[in-house]
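Engineer:
Chains as they are written, first to last, in our numbering: chain A, 107 to 471; chain B, 268 to 407.
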């Protein structure tokens with residue numbers, strides 16, 4: 107995995123092409139058809155494609171960070187979703203396919219939970235894994251075929267179909283890889299550890315704002331400043347730049363800190379604020395020499411208060427409201443009121459239509 | 268930290284696999300489940316974008332997709348039931364009579380594999396009777 111991940115930048119296209127090609131041939135081997143097919147070869151090719159695709163993702167966008175748990179859960183759930191999805195496509199018994207689809211839904215629900223959507227996760231489990239799968243299992247039992255049948259053991263154009271599907275996925279991978287250097291997509295939100303750090307910075311800033319003498323003020327302000335620079339330096343960015351920047355010699359700033367390369371405007375503002383704080387400090391020292399220490403302290407505190415506000419705003423970056431159900435409900439019934447009325451109407455019409463279609467009895471064959 | 272690209276990639280792969288299944292499989296129900304899997308990939312994309320923008324709009328969109336999928340499931344079930352009553356099969360190839368004008372029909376040339384004979388059920392002696400063991404039978 108790691109060996110595959112450490113490749114020159116130019117190999118990304120080869121990796122994507124290899125993964126898509128292997129997956130297409132593997133699924134072609136697995137798809138049911140009357141002639142000879144090798145299941146072992148298909149499984150092996152699919153696993154190899156999964157490994158290469160995972161290594162590509164890990165190498166191109168992966169980011170070593172302290173947030174191990176969510177990373178492990180992400181790989182677990184996404185591997186489950188993709189694996190059971192392949193089983194659904196390749197399984198000739200539709201009842202087993204339906205069970206595989208239930209596992210696909212459960213795995214995606216794990217991803218939903220990682221994406222901070224507990225309500226949607228519960229709704230999906232109830233609707234898909236509960237209602238849809240059970241209903242379709244009823245229909246399958248009704249139409250159970252004995253022995254091989256046309257619909258289960260034949261496929262339409264298996265090679266062309268799998269090539270089309272994996273060409274699509276490969277193109278998306280390639281587009282993602284291309285845009286990574288242009289940074290069109292939003293940066294990752296702060297992790298819990300980042301937030302803890304920022305909370306400590308805020309505590310230091312508050313302490314120095316509450317200080318009445320110069321020494322206390324300076325101690326807390328310096329601590330906050332140092333910690334803040336560390337947080338800024340640790341901001342995640344794509345590993346592509348992380349790999350390129352140090353070799354170009356622009357990875358570190360004058361103080362030896364790794365320069366944040368993710369072009370987040372808020373980080374830029376941060377750096378400006380801290381620099382201005384230093385400038386104000388030195389200016390305040392000059393004022394102190396003039397004589398009035400209270401005025402100097404007030405000027406310093408004003409600059410620091412601005413910085414604290416910035417930190418407070420930045421701590422909320424990417425933070426979704428905690429009361430998920432209440433907030434989604436509020437959004438549904440305020441901003442999306444018309445849309446939800448239309449969705450309700452659609453459900454009603456669909457119910458009427460389903461009853462009208464399925465209710466006809468004794469239709470001649 | 269998992270970045271947005273990871274989620275987008277997983278969504279794309281789910282969509283791609285669903286596409287393969289929808290294009291190639293012939294059982295109506297499997298085709299339907301593959302279409303649902305494509306929708307799942309799309310929902311993952313919406314949720315990931317909402318998460319990384321720090322906005323709940325993605326989740327609202329996901330809810331609407333689930334609603335539409337539920338409607339679709341109900342209607343599809345009713346349609347499949349009707350088609351099954353007419354043709355006694357869930358094979359989409361049976362309905363190629365409604366294909367576009369001028370297209371040649373698809374004919375399945377290869378014969379299907381013969382079903383494997385199922386192993387016979389074990390023979391059980393009548394209840395209450397003493398089973399004759401092999402040794403006794405030999406002695407007699």
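Glycine is no exception: its CB is placed at the ideal position from the N, C-alpha and C atoms.
Answer yes or no: do residue 182/A and residue 270/B have a C-beta to C-beta separation smaller than 7 angstroms?
Structural biologist: As a position in the first chain, residue 182/A is number 76, starting the count at 1. As a position in the second chain, residue 270/B is number 3, starting the count at 1. Against a cut-off of 7 angstroms, the Cβ pair of residue 270/B and residue 182/A comes out as no contact.
Engineer: Which same chain residues end up closer than 7 angstroms to residue 344/A when comparing Cβ atoms and leaving out the 5 residues on each side of it in sequence?
Structural biologist: Reading the first chain from its first residue, position 238 is the one you call residue 344/A. Reliability fails at residue 344/A, whose pLDDT of 34 lies under 50, so the model's placement of it is uncertain and no value is given.
Engineer: Here's the rule I'm using: 16 or more other beta-carbon atoms within 10 Å means buried, otherwise exposed. How should residue 327/B be labelled?
Structural biologist: Residue numbering aside, residue 327/B sits at position 60 when the second chain is read from its first letter. Buried, since its Cβ has 16 or more Cβ neighbours within 10 Å.
Engineer: Going by beta-carbon coordinates alone, are residue 357/B and residue 295/B separated by less than 7 angstroms?
Structural biologist: The sequence position of residue 357/B within the second chain is 90, counting from 1. The sequence position of residue 295/B within the second chain is 28, counting from 1. The answer is yes: Cβ separation under 7 angstroms.
Engineer: Express the C-alpha separation of residue 290/B and residue 262/A in angstroms, rounding to a whole number.
Structural biologist: Start at 1 with the first residue of the first chain, and residue 262/A comes out as number 156. Start at 1 with the first residue of the second chain, and residue 290/B comes out as number 23. Cα to Cα, the separation comes out at about 7 angstroms.
Engineer: Determine, using beta carbons only, whether residue 254/A comes closer than 7 angstroms to chain B.
Structural biologist: Position 148 of the first chain holds residue 254/A. For residue 254/A, the answer is yes, since a Cβ of chain B falls inside 7 angstroms of its Cβ.
Engineer: Does any C-beta atom of chain A lie closer than 7 angstroms to the C-beta of residue 377/B?
Structural biologist: The residue you call residue 377/B lines up with position 110 of the second chain. Yes, because at least one Cβ of chain A sits closer than 7 angstroms to the Cβ of residue 377/B.
Engineer: Taking Cβ-Cβ distances shorter than 7 angstroms, what residues in chain A pair up with residue 273/B?
Structural biologist: The residue you call residue 273/B lines up with position 6 of the second chain. The contacting residues are 163, 167, 180.
Engineer: Is any heavy atom in the ligand SAM found nearer than 6 angstroms to the beta carbon of residue 399/B?
Structural biologist: With respect to small molecules bound, the structure shown includes none, and the ligand SAM cannot be examined in it.
Engineer: Spatial neighbours of residue 176/A within its chain, please: C-beta separation below 7 angstroms, excluding the five flanking residues on both sides.
Structural biologist: In the first chain, residue 176/A corresponds to position 70, counting from 1. Only 220 meet the Cβ criterion.
Engineer: Compare the C-beta of residue 347/A against all C-beta atoms of chain B and say whether one is closer than 7 angstroms.
Structural biologist: Counted from its first residue, the first chain places residue 347/A at position 241. At residue 347/A, the pLDDT of 35 sits below 50, so the modelled position is not reliable; the number obtained from the coordinates is stated separately. Answer no: the Cβ-Cβ gap between residue 347/A and chain B never drops below 7 angstroms.
Engineer: Which of the residues in the segment 269-291 of chain A, read from start to end, lie with their CB under 7 angstroms from any CB of chain B?
Structural biologist: 270, 271, 272, 274, 275, 278, 279, 282, 286, 291
Engineer: So that I know if they touch, is there some Cβ in chain B lying closer than 7 angstroms to that of residue 258/A?
Structural biologist: Along the first chain, read from residue 1 onward, the residue named residue 258/A stands at position 152. Answer yes: the Cβ-Cβ gap between residue 258/A and chain B drops below 7 angstroms somewhere.
Engineer: Who are the Cβ neighbours of residue 91/A in its own chain at under 6 angstroms, not counting the five residues just before and after it?
Structural biologist: No information on residue 91/A is available, as it lies outside the stretch 107 to 471 that chain A covers here.
Engineer: What are the residues in the segment 402-417 of chain A lying within 9 angstroms of chain B by C-beta distance?
Structural biologist: Closer than 9 angstroms at the C-beta level to chain B, one finds no residue of the segment 402-417 of chain A.
Engineer: Taking only beta-carbon positions, decide if residue 150/A is within less than 7 angstroms of chain B.
Structural biologist: Locating residue 150/A in the first chain gives position 44, counting from the first residue. Cβ-Cβ to chain B under 7 angstroms: no for residue 150/A.
Engineer: Going by alpha carbons, who is nearest to residue 385/B out of 463/A, 188/A, 455/A, 253/A?
Structural biologist: To locate residue 385/B, count along the second chain from 1; it is residue 118. Residue 253/A is the option with its Cα nearest to residue 385/B.
Engineer: Between residue 178/A and residue 390/B, what straight-line distance do the alpha-carbon atoms span, to the nearest angstrom?
Structural biologist: Start at 1 with the first residue of the first chain, and residue 178/A comes out as number 72. Start at 1 with the first residue of the second chain, and residue 390/B comes out as number 123. Each residue's Cα considered, the two are about 52 angstroms apart.
Engineer: Would residue 240/A be called buried (16 or more neighbouring beta carbons within 10 Å of its own) or exposed?
Structural biologist: Mapped onto the first chain, residue 240/A falls at position 134. By the neighbour-count rule (16 or more Cβ atoms within 10 Å), residue 240/A is not buried but exposed.
Engineer: How many whole angstroms separate the CB atoms of residue 329/B and residue 226/A, which I take to be in contact at a CB cut-off of 8 angstroms?
Structural biologist: On the second chain, residue 329/B is found 62 positions in, with the first residue counted as 1. On the first chain, residue 226/A is found 120 positions in, with the first residue counted as 1. At roughly 5 angstroms, the Cβ-Cβ gap stays under 8 angstroms, so residue 329/B and residue 226/A are in contact.
Engineer: Identify each residue in the segment 320-333 of chain A for which the Cβ-Cβ distance to at least one residue of chain B is less than 7 angstroms, and report them in chain order.
Structural biologist: So the list is empty, because no residue satisfies the distance condition.
Engineer: Tell whether a beta-carbon distance below 7 angstroms holds between residue 158/A and residue 125/A.
Structural biologist: For the purposes of this step, residue 158/A is taken as the residue at position 52 of the first chain. For the purposes of this step, residue 125/A is taken as the residue at position 19 of the first chain. Yes; because the gap between Cβ atoms is below 7 angstroms, this pair is in contact.
Engineer: Based on the DSSP secondary-structure assignment, which residues constitute the bridge partners of residue 310/A?
Structural biologist: As a position in the first chain, residue 310/A is number 204, starting the count at 1. In DSSP, residue 310/A forms no bridge with anything.
Engineer: Less than 7 angstroms between the beta carbons of residue 449/A and residue 331/B, yes or no?
Structural biologist: On the first chain, position 343 is the one that residue 449/A refers to. On the second chain, position 64 is the one that residue 331/B refers to. Going by C-beta atoms, residue 449/A is nearer than 7 angstroms to residue 331/B.
Engineer: Can you look up residue 258/A in the DSSP assignment and give me helix, strand or coil?
Structural biologist: The count along the first chain starts at 1 and reaches residue 258/A at position 152. Correct three-state label for residue 258/A: helix.
Engineer: Could you confirm whether any beta carbon from chain A is found closer than 7 angstroms to the beta carbon of residue 366/B?
Structural biologist: As a working note, residue 366/B is residue 99 in the second chain. Residue 366/B does not count as touching chain A.
Engineer: Here's a check: name, in chain order, each residue in its chain whose Cβ is nearer than 7 angstroms to the Cβ of residue 209/A, leaving out the five neighbours to either side.
Structural biologist: Counted from its first residue, the first chain places residue 209/A at position 103. The answer, listed in chain order, is 186, 190.
Engineer: With 9 angstroms as the limit, tell me which residues of the segment 354-365 of chain B have their beta carbon closer than that to any beta carbon of chain A; keep them in chain order.
Structural biologist: Of all residues in the segment 354-365 of chain B, only 354, 355, 356, 357, 358, 359, 360, 361 place a beta-carbon less than 9 angstroms from a beta-carbon of chain A.
Engineer: Could you have a look at residue 324/A and say whether DSSP puts it in helix, strand or coil?
Structural biologist: Taking the first chain and counting its residues from 1, one reaches residue 324/A at position 218. It is helical.
Engineer: Assuming residue 201/A and residue 151/A are in contact, meaning their beta carbons sit under 8 angstroms apart, how far apart are those beta carbons, in whole angstroms?
Structural biologist: Indexing the first chain from 1 puts residue 201/A at position 95. Indexing the first chain from 1 puts residue 151/A at position 45. No, residue 201/A and residue 151/A are not in contact; Cβ-Cβ is about 26 angstroms, not under 8 angstroms.
Engineer: Considering only DSSP beta bridges, list what residue 377/B is partnered with.
Structural biologist: Taking the second chain and counting its residues from 1, the one referred to as residue 377/B is at position 110. Answer is none; residue 377/B lacks a bridge partner.
Engineer: For residue 209/A, decide whether its Cβ has a neighbour in chain B, counting only Cβ atoms nearer than 7 angstroms.
Structural biologist: Position 103 of the first chain holds residue 209/A. Residue 209/A does not count as touching chain B.
Engineer: Near residue 310/B, what residues of its chain come up, given a Cβ to Cβ distance below 6 angstroms and the 5 sequence neighbours on each side ignored?
Structural biologist: As a position in the second chain, residue 310/B is number 43, starting the count at 1. The residues are 329, 332.
Engineer: Mind pulling the chain B residues with CB within less than 7 angstroms of residue 124/A?
Structural biologist: The residue given as residue 124/A occupies position 18 in the first chain. Within chain B, no residue comes near residue 124/A; the closest Cβ sits about 15 angstroms away, beyond 7 angstroms.
Engineer: Would you check if the distance between the CB atom of residue 308/B and the CB atom of residue 278/B is smaller than 7 angstroms?
Structural biologist: Locating residue 308/B in the second chain gives position 41, counting from the first residue. Locating residue 278/B in the second chain gives position 11, counting from the first residue. Yes; because the gap between Cβ atoms is below 7 angstroms, this pair is in contact.
Engineer: What's the C-alpha gap between residue 74/A and residue 131/A?
Structural biologist: Summary: the structure shown does not reach residue 74/A, with chain A confined to residues 107 through 471, and so no result is reported for it.
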